[in-house]
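Going by this note's numbering, the sequence shown opens with residue 1049, and the numbers climb by one from there.
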Amino acid sequence: MDLESYTMIESFFIVLWIMMPAYLANTIAVLTGGKYPIDQGRIHSDGNRILGDGKTWSGLVGGTLGGVFIGFLQVNLGEGLIEALSGSQDVDFWGENSIIVFFLLSFGALFGDMTASFIKRRSQL
1049 MDLESYTMIE
1059 SFFIVLWIMM
1069 PAYLANTIAV
1079 LTGGKYPIDQ
1089 GRIHSDGNRI
1099 LGDGKTWSGL
1109 VGGTLGGVFI
1119 GFLQVNLGEG
1129 LIEALSGSQD
1139 VDFWGENSII
1149 VFFLLSFGAL
1159 FGDMTASFIK
1169 RRSQL
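Here you go:
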């Protein structure tokens, strides 16, 4: 698939479609978050919590699984949309290893969020 053949707005929606498992993983993590913080209440050497109460194991697992589920919905329910946009029956964004792609998008988004939280806590923002 060649993105040069698409208008700017079509390309925007294609990228949004591809990134949807990552975007929704963060939302699902908030909805499934619980009471078991990943840092287990530990304090960093700077005197602040490592990650805080907002980063929980249930949120990490729920967000990752939710993102993978969203990806499977996209593959199974959204093929017609992509084919209509591309004008081709041969479009396959995900490839044969779609579960790995969905896992990496979802977990990567949540891991990036945890990394940003860690950095913000070190910077005291």
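Note that the Cβ used here is the ideal one computed from N, Cα and C, for glycine as well.
The structure displayed is predicted, hence computed values, not measured ones.
Exposure of residue i, with buried meaning 16 or more beta-carbon neighbours within 10 Å
{"i": "T1112", "result": "buried"}
{"i": "G1119", "result": "buried"}
{"i": "R1170", "result": "exposed"}
{"i": "R1090", "result": "exposed"}
{"i": "M1162", "result": "buried"}
Continuous alpha helix (DSSP H) stretch holding residue i: start and end
{"i": "K1168", "result": "S1146 to S1171"}
{"i": "Q1122", "result": "W1105 to L1125"}
{"i": "P1069", "result": "M1056 to T1080"}
Residue i vs residue j beta-carbon contact at 8 Å
{"i": "I1086", "j": "L1099", "result": "yes"}
{"i": "G1107", "j": "V1078", "result": "yes"}
{"i": "N1074", "j": "L1158", "result": "yes"}
{"i": "G1126", "j": "T1080", "result": "no"}
{"i": "S1154", "j": "V1116", "result": "yes"}
{"i": "A1070", "j": "G1156", "result": "yes"}
{"i": "K1103", "j": "S1165", "result": "yes"}
{"i": "I1076", "j": "G1110", "result": "yes"}
{"i": "W1105", "j": "Y1084", "result": "yes"}
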